[in-house]
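As structure tokens, the structure follows; a few thoughts come after it.
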Amino acid sequence: MKNCNRVKKLLEPYLFGELSETDKMRVENHLTECPNCAREVVSLQKVLKVIRRKEDEKFPQQMWDNFLPDLHKKLVTVKTPSGKISLWSEIFNRFFIHPKPAVRLATIALTLVIGIMIGRFYLQEPNDKALDLSELMEYIYSIEPRIEEGLDDSSLDQSLTRTEILFLEIVNLNTESAVKSFDITSAKSEATFILNNVNLISSNLQNGKKVKLLNDLKSILLDLANVEDNGASENIKLLRSLIIDEGLLVEIKVLKLGRQLEENQTRSMGCEYISL
Amino acid sequence: MNDVDARLVNRIQEGYLDAFDELVEKHKKSVFYLSFRIVGNREDAYDVSQEVFLTVYRKIDSWKPKAPFRNWLYRITVNFSLKCWKRNARRQGFLSRKDDTRGQYLPDRKISEQPDKVFESKEIDHLIKKAIDNLPVRQRTAFILRYYEGLKIKEVASVLKCSEGTVKANVFHAIRKLRDQLDDLCDYLV
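Chains as they are written, first to last, in this note's numbering: chain A, 1 to 276; chain B, 1 to 190.
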């Protein structure tokens with residue numbers, strides 16, 4: 001019985017004449033000993049022999065002749081110059097000229113929806129989109145007019161940051177050579193720019209501490225903007241000591257931190273904007 | 001691997017439509033007969049064969065030369081044919097039938113009870129076809145590929161994407177079921 005099961009696993013390839021000589025011998029030896037398996041094999045060989053008698057059905061020659069022309073009719077191809085079928089033509093062939101009208105309609109509807117979504121994305125307000133670098137620059141340059149309108153709350157932060165950077169540069173001029181190589185022209189124009197912004201902001205401010213600090217900053221910035229080229233080094237040194245003595249950098253930091261805390265509190269209250 | 005097929009496929013990939021025509025002429029009969037044996041009727045087999053060659057044309061770039069083209073072609077044919085067969089079976093309500101169909105679709109009358117003329121060649125062919133059609137679809141497909149198309153076990157496994165053991169078992173069970181269905185005919189003829 002054990003042998004029967006082993007041999008049964010070999011019967012399929014045995015019937016198709018695909019067994020190795022060794023396995024074939026094993027099967028045939030077993031068949032001489034086991035009449036049940038021998039009967040089984042004979043009956044299976046018989047049925048395969050009978051099935052082989054069946055001839056392939058004959059089909060009219062016209063069917064074979066029409067096969068290729070029929071295929072050509074269905075073969076709607078849009079080819080790329082390299083001769084390969086493009087992805088777009090594949091999509092077009094598959095969906096837009098699909099034999100089922102429902103699929104064609106669904107494809108057109110889907111295309112329209114996608115088109116509308118893409119259109120809406122590109123036509124929406126620039127502020128809603130993610131900014132790339134050039135857009136970011138445009139945004140920064142556009143701050144100035146908005147400050148004039150007194151609408152942009154972030155302008156105070158920007159002015160403070162720019163002032164802080166400018167003052168840091170000056171404070172870091174701790175050697176004679178550094179003072180001499182300092183680009184006074186750029187510093188003057190930066191100071192003028194910040195001053196203009198701060199003037200606009202301070203007119204809207206109510207908070208006394210902030211107004212006082214901004215006035216301090218304004219006086220330094222004013223001095224810096226009016227530094228004359230002759231004896232500029234001495235004036236820069238003077239301004240540097242003023243910034244350090246007055247602790248203006250620390251004041252700026254404190255004010256910025258205070259504003260951040262204020263902002264966080266306001267946000268947690270669900271307010272979108274912070275009053276200055 | 002068949003070099004002729006590989007050469008033709010390369011030419012189609014380069015955009016030569018005449019190579020595609022040559023490939024169709026070479027394989028149309030084997031594709032049609034394979035499909036015909038699975039779906040069981042001429043009209044569907046013809047449509048399936050056309051769809052197979054359209055797919056071959058569209059997907060020709062996805063054929064990898066490491067596998068024989070014939071296996072790839074047969075796989076597409078089997079997939080489309082089975083899809084068609086299942087659709088037809090669903091329509092006719094046969095899909096729910098049990099795998100073991102032994103005796104269920106036997107000829108209406110016992111062969112021994114039928115007049116001699118029944119054993120004319122056409123009738124014999126009809127009985128054999130009916131017996132094959134009555135096999136469960138997996139066994140039938142494996143048997144057709146193995147017996148009619150002459151594929152090796154490994155090749156059938158590659159076409160049907162299953163193990164060699166599964167192929168062997170399916171084919172063996174198919175032969176046994178055919179033996180059970182065609183017992184009388186075998187006794188008469190052999």
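Quick reminder that beta carbons are idealized off the backbone N, C-alpha and C, glycines included.
Please list, in chain order, all residues of the same chain as residue i whose beta carbon is under 7 Å from its beta carbon, the five residues on each side excluded.
| i | result |
| --- | --- |
| B:Lys-28 | Ser-49 |
| A:Leu-173 | Val-179, Phe-182, Ile-236 and Arg-240 |
| B:Phe-20 | Ile-12 and Tyr-57 |
| A:Lys-188 | Leu-224, Ala-225 and Val-227 |
| B:Ala-157 | Ser-163, Glu-164 and Val-167 |
| A:Lys-210 | Leu-255 |
| A:Ser-233 | Val-179 and Lys-180 |
Would you say residue i and residue j are within 9 Å of each other, going by their C-beta atoms?
| i | j | result |
| --- | --- | --- |
| A:Leu-213 | A:Ala-191 | no |
| A:Tyr-277 | A:Val-41 | Nothing in the structure corresponds to residue 277 of chain A, since chain A is present only between 1 and 276. |
| A:Lys-218 | A:Leu-195 | yes |
| A:Phe-67 | B:Phe-36 | no |
| A:Leu-248 | A:Leu-242 | yes |
| B:Glu-149 | B:Ser-30 | yes |
| B:Arg-70 | A:Met-63 | no |
| B:Lys-152 | B:Arg-75 | no |
| A:Ser-53 | B:Leu-135 | The sequence given here places Arg at residue 53 of chain A; Ser does not occur at that position. For A:Arg-53 and B:Leu-135, no; Cβs fall outside 9 Å. |
| B:Leu-182 | B:Leu-127 | yes |
| B:Asp-5 | B:Leu-23 | yes |
How would you call residue i, buried or exposed, if buried means at least 16 neighbouring beta carbons within 10 angstroms?
| i | result |
| --- | --- |
| B:Leu-185 | buried |
| A:Tyr-122 | exposed |
| A:Ser-155 | buried |
| B:Val-9 | buried |
| A:Val-254 | exposed |
| B:Asp-3 | exposed |
| B:Val-78 | buried |
| B:Asp-44 | buried |
| A:Ala-102 | exposed |
| A:Glu-12 | buried |
| B:Gln-139 | buried |
| A:Ile-118 | exposed |
Between residue i and residue j, what straight-line distance do the alpha-carbon atoms span, to the nearest angstrom?
| i | j | result |
| --- | --- | --- |
| B:Phe-53 | A:Ile-51 | 29 Å |
| B:Lys-64 | A:Leu-31 | 44 Å |
| B:Lys-130 | B:Ile-38 | 12 Å |
| B:Arg-91 | B:Cys-84 | 11 Å |
| A:Arg-162 | A:Glu-228 | 22 Å |
| A:Asp-23 | A:Leu-10 | 8 Å |
| B:Tyr-46 | A:Leu-19 | 36 Å |
| B:Leu-145 | A:Ala-109 | 43 Å |
| B:Val-171 | A:Lys-73 | 38 Å |
| B:Ser-121 | A:Glu-57 | 12 Å |
| A:Asn-29 | B:Arg-7 | 47 Å |
| A:Val-171 | A:Leu-238 | 11 Å |
| A:Val-7 | A:Val-27 | 6 Å |
| A:Leu-168 | A:Asn-230 | 23 Å |
| B:Asp-61 | A:Val-113 | 31 Å |
| A:Ile-165 | A:Thr-111 | 52 Å |
| A:Asn-36 | A:Phe-59 | 42 Å |
| A:Pro-69 | B:Leu-17 | 13 Å |
| A:Asn-5 | A:Phe-16 | 19 Å |
| A:Ser-43 | A:Asn-3 | 20 Å |
| A:Leu-21 | B:Glu-25 | Per the sequence presented here, residue 21 of chain A reads as Glu, with Leu not at that position. Approximately 39 Å between the Cα atoms of the pair. |
| A:Asp-65 | B:Val-159 | 28 Å |
| A:Gly-115 | B:Thr-55 | 29 Å |
| B:Asp-187 | B:Arg-87 | 36 Å |
| A:Arg-39 | B:Asp-125 | 25 Å |
On the premise that residue j lies in contact with residue i, defined as a C-beta separation below 8 Å, what is that separation, rounded to the nearest angstrom?
| i | j | result |
| --- | --- | --- |
| B:Ala-169 | B:Phe-143 | Not quite, the Cβ-Cβ distance comes to about 12 Å (not below 8 Å), so this is no contact. |
| B:Asp-191 | B:Gly-40 | The structure shown does not extend to residue 191 of chain B, since chain B spans only 1 to 190, so no value can be given for it. |
| B:Phe-80 | B:Glu-51 | 5 Å |
Leaving out five residues on either side along the sequence, give the residues of the same chain with a beta carbon under 8 Å from the beta carbon of residue i.
| i | result |
| --- | --- |
| B:Arg-176 | none |
| A:Ser-159 | Ile-194, Asn-197, Val-198 and Ile-201 |
| B:Leu-82 | Ile-38, Val-137 and Thr-141 |
| B:Tyr-147 | Val-171 |
| A:Asp-216 | Glu-246, Leu-248 and Glu-251 |
| A:Gln-45 | Leu-15 |
Near residue i, which residues of its chain fall below 6 Å by C-beta distance, leaving aside the five closest residues on each side in sequence?
| i | result |
| --- | --- |
| B:Thr-166 | none |
| A:Ile-184 | Ala-232 |
| B:Leu-178 | Ala-131 |
Taking 9 Å as the CB-CB limit, is residue i close to chain C?
| i | result |
| --- | --- |
| A:Glu-21 | As a matter of chain content, chain C is missing from the structure shown, whose protein chains are A and B. |
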